[in-house]
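Numbers 546 to 867, taken from the numbering used here, label the letters of the sequence shown in order.
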Amino acid sequence: MTAPLRLGTRGSALAMAQSGQVAEALTAATGRPVELVEVITAGDRSNAPVHRLGVGVFVSALRDALAARTIDFAVHSYKDLPTAAAGGLHIAAVPARQDPRDALIARDGRTLAELPPGATVGTGALRRIAQLHALGLQLEVTPIRGNVDTRLARVLGPEANLDAVVLARAGLARLGRSDVITETLDPMLMLPAPAQGALAVECRVDDQDLVELLAVLDHAPSRAAVTAERAFLATLEAGCSAPVAAYAELAEGETGDEIYLRGAVISPDGTRDLRLSRTGTPADAAEIGKALAAELLDLGADSILGHEGHTGSGTQQFGSTE
Numbered sequence: 546m547t548a549p550l551r552l553g554t555r556g557s558a559l560a561m562a563q564s565g566q567v568a569e570a571l572t573a574a575t576g577r578p579v580e581l582v583e584v585i586t587a588g589d590r591s592n593a594p595v596h597r598l599g600v601g602v603f604v605s606a607l608r609d610a611l612a613a614r615t616i617d618f619a620v621h622s623y624k625d626l627p628t629a630a631a632g633g634l635h636i637a638a639v640p641a642r643q644d645p646r647d648a649l650i651a652r653d654g655r656t657l658a659e660l661p662p663g664a665t666v667g668t669g670a671l672r673r674i675a676q677l678h679a680l681g682l683q684l685e686v687t688p689i690r691g692n693v694d695t696r697l698a699r700v701l702g703p704e705a706n707l708d709a710v711v712l713a714r715a716g717l718a719r720l721g722r723s724d725v726i727t728e729t730l731d732p733m734l735m736l737p738a739p740a741q742g743a744l745a746v747e748c749r750v751d752d753q754d755l756v757e758l759l760a761v762l763d764h765a766p767s768r769a770a771v772t773a774e775r776a777f778l779a780t781l782e783a784g785c786s787a788p789v790a791a792y793a794e795l796a797e798g799e800t801g802d803e804i805y806l807r808g809a810v811i812s813p814d815g816t817r818d819l820r821l822s823r824t825g826t827p828a829d830a831a832e833i834g835k836a837l838a839a840e841l842l843d844l845g846a847d848s849i850l851g852h853e854g855h856t857g858s859g860t861q862q863f864g865s866t867e
């Protein structure tokens, strides 16, 4: 019998769910058995706010395990990956992306517009905090951490102390918890993080047989969208304290498929909000992202990113999909 492929994953319920779904899809497509191997990351050991933990905090331990050959491949929430390439590793597949939009979970089934002034809203992402402030709804926005169930309990549990939380819709869907969503937020109100809702299936570049095997999971439209969004992010050179958002959609144009990319840089207090869009072909996905970022920099985005955000490192940490 063929030995199972070892898939490295974080141990949270969401990470295990999405890794399990990838494992099932690979076995269904190729017949190869897969076993999950839990890897504890630095981000899982800390209760500090995500934006203070540093780049790649949910990723480096999985990549170390790949390099040590204790696992054969890993599944990441793509938005957790630094934009800088990892030597010796390869993103072999980007499976079909889940809905990348953000979701509101509020008491009494309320929508964002129905929350009264002074309502308390929890989220772990500076990008969401900045955009909530920019809406001018006079909400009290509170940084929170924890897995999906921990965050939901802040609104829905017996000891609830918030009026609402904002989470990635994709994570809730993968956990079968879409029923708690009271509103899926229109990207016009809340532009997602680059690569939100997408997974990255990573292996060693020298494991050519596995590179070819994993390619069966790749979804070309999802890869093109994520490529555009991450090229935008990398060109901005945004550090972990910078609220940066991007969302690429593929649609049929007059001469074939087109990418429509929207990008934004928002000051943490929401008072400065720069947003632009750009279109092009999927083959030019990376160039579309770079060009849109250059336009925003020309408009002064670097002054919003500031010295701490504009690091020149080409990396970004948005925090876990949870």
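Beta carbons are placed, not taken as given, at the ideal position from N, Cα and C, and that holds for glycine.
**Request:** Just grab the DSSP bridge partners of Asp947 for me.
**Result:** For the chain, the structure presents residues 546 to 867; residue 947 sits outside this window and is missing.
**Asked** By a C-beta neighbour count over all protein chains shown, 10 Å radius and 16 as the cutoff for buried, is Ser848 buried or exposed?
**Response** Position 303 of the sequence shown, counted from the first residue, corresponds to residue 848. By the neighbour-count rule (16 or more Cβ atoms within 10 Å), Ser848 is not buried but exposed.
**Start-to-end residues for the alpha helix (DSSP H) that takes in Leu850** = On the sequence shown, residue 850 is found 305 positions in, with the first residue counted as 1. That run of the alpha helix (DSSP H) goes 846–854.
**Request:** Use the C-beta contact count for Gly742: other C-beta atoms within 10 angstroms, 16 or more gives buried, fewer gives exposed.
**Result:** Position 197 of the sequence shown, counted from the first residue, corresponds to residue 742. Gly742 should be labelled buried.
**Item:** Pro732 - DSSP class collapsed to helix/strand/coil
**Value:** Here the question's residue 732 lines up with position 187 in the sequence shown. Note: Pro732 maps to coil in three-state DSSP.
**Request:** With DSSP as the reference, label Pro578 as helix, strand or coil.
**Result:** Counting from 1 along the sequence shown, the entry for residue 578 is found at position 33. DSSP places Pro578 in coil when its eight states are reduced to three.
**Item:** C-beta atoms of Gln683 and Ala809 nearer than 9 Å
**Value:** Within the sequence shown, numbered from 1, the residue matching residue 683 stands at position 138. Within the sequence shown, numbered from 1, the residue matching residue 809 stands at position 264. Not a contact, by the Cβ cut-off of 9 Å.
**Request:** Could you spell out the range, first to last residue, of the beta strand (DSSP E) harbouring Leu634?
**Result:** The residue given as residue 634 occupies position 89 in the sequence shown. It spans 634–638 - the beta strand (DSSP E) in which Leu634 sits, taken as one unbroken run.
**Asked** Given 8 Å as the limit, is there contact between the segment 705–723 and the segment 630–646, that is, 3 or more CB pairs closer than that?
**Response** yes
**Prompt:** Would Ala512 pass as a contact of Ala740 if the rule is Cβ separation under 9 Å?
**Reply:** Shown here, the chain extends from 546 to 867; a query on residue 512 therefore has no answer.
**Item:** Where the alpha helix (DSSP H) through Ser767 begins and ends
**Value:** Translated into positions along the sequence shown, residue 767 becomes position 222. Unbroken alpha helix (DSSP H) run through Ser767: 765–781.
**Asked** Taking the alpha helix (DSSP H) that Val700 falls in, what are its first and last residues?
**Response** Along the sequence shown, read from residue 1 onward, the residue named residue 700 stands at position 155. Counting along the chain, the alpha helix (DSSP H) containing Val700 begins and ends at 693–701.
**Prompt:** Skipping 5 residues on each side, what residues in its chain have a beta carbon closer than 6 Å to that of Ala664?
**Reply:** In the sequence shown, counting from the first residue as 1, residue 664 sits at position 119. Within the same chain, Ala664 has close Cβ partners Leu684, Asp708.
**Request:** Please determine, among Leu660, Leu657, Gly681, Arg690, the residue with the shortest C-alpha to C-alpha distance to Leu671.
**Result:** Translated into positions along the sequence shown, residue 671 becomes position 126. Selected option, being the one with the closest Cα: Arg690.
**Item:** Burial state of Asp625, where buried means 16 or more other Cβ atoms lie within 10 Å
**Value:** Stepping through the sequence shown from its first residue, residue 625 is reached at position 80. It is buried - the Cβ of Asp625 has at least 16 other Cβ atoms within 10 Å.
**Request:** If I'm right that Ser564 touches Val639 with Cβ under 8 Å, what's the distance once you round it to whole angstroms?
**Result:** By 1-based counting over the sequence shown, the position of residue 564 is 19. By 1-based counting over the sequence shown, the position of residue 639 is 94. The pair is not a contact, with the Cβ atoms about 15 Å apart (cut-off 8 Å).
**Prompt:** So what's Asp647 in DSSP terms, helix, strand or just coil?
**Reply:** Counting from 1 along the sequence shown, the entry for residue 647 is found at position 102. Three-state DSSP puts Asp647 in a strand.
**Message:** Looking only at its chain, what residues have a beta carbon closer than 8 Å to the beta carbon of Val604, apart from the 5 residues adjacent to it on each side?
**Reply:** Looking up residue 604 in the sequence shown gives position 59. Cβ within range, chain order: Thr586, His621, Asp625, Leu626, Pro627.
**Message:** Are the CB atoms of Leu795 and Ala769 within a distance shorter than 9 Å?
**Reply:** For the purposes of this step, residue 769 is taken as residue 224 along the sequence shown, with counting starting at 1. For the purposes of this step, residue 795 is taken as residue 250 along the sequence shown, with counting starting at 1. In contact: Ala769 and Leu795 (Cβ atoms closer than 9 Å).
**Message:** Give me, in chain order, the residues of the same chain whose beta-carbon lies closer than 7 Å to that of Ala568; leave out the 5 immediate sequence neighbours on both sides.
**Reply:** Taking the sequence shown and counting its residues from 1, one reaches residue 568 at position 23. So the qualifying residues of the chain are Leu552, Val579, Leu581.
**Prompt:** How about Ala793 and Ile833: do their beta carbons lie closer than 9 Å?
**Reply:** What you label residue 793 is simply residue 248 of the sequence shown in a count that begins at 1. What you label residue 833 is simply residue 288 of the sequence shown in a count that begins at 1. Cβ atoms of Ala793 and Ile833: closer than 9 Å.
**Asked** Under the three-state reduction of DSSP, which class applies to Val746: helix, strand or coil?
**Response** Here residue 746 corresponds to residue number 201 of the sequence shown, with the count starting at 1. Reduced to three states, the DSSP call for Val746 is strand.
**Asked** What three-state label does DSSP hand Pro688 in the structure shown?
**Response** For the purposes of this step, residue 688 is identified with residue 143 of the sequence shown, where counting begins at 1. Here Pro688 sits in strand by DSSP.
**Message:** For Leu607, which residues in the same chain have their Cβ closer than 6 Å to its Cβ, ignoring the five residues on either side in sequence?
**Reply:** For the purposes of this step, residue 607 is identified with residue 62 of the sequence shown, where counting begins at 1. Cβ within range, chain order: Gly553, Val584, Ala619.
**Asked** Looking at the structure shown, is Gly667 part of a helix, part of a strand, or coil, going by DSSP?
**Response** Taking the first residue of the sequence shown as 1, we reach residue 667 at position 122. Strand.
**Prompt:** In three-state terms, what does DSSP make of Thr628?
**Reply:** In the sequence shown, residue 628 corresponds to position 83, counting from 1. Coil, per DSSP.
**Asked** From what residue to what residue does the alpha helix (DSSP H) around Ser605 run?
**Response** Stepping through the sequence shown from its first residue, residue 605 is reached at position 60. Residues 605–612.
**Request:** Identify whether Gly815 lies in helix, strand or coil by the three-state DSSP scheme.
**Result:** For this step, residue 815 is matched to residue 270 along the sequence shown. Correct three-state label for Gly815: coil.
**Asked** Considering only residues of the same chain and omitting the five flanking positions on each side of Ala631, which have a CB-CB separation below 7 Å?
**Response** Translated into positions along the sequence shown, residue 631 becomes position 86. Answer for Ala631: Arg608, listed in chain order.
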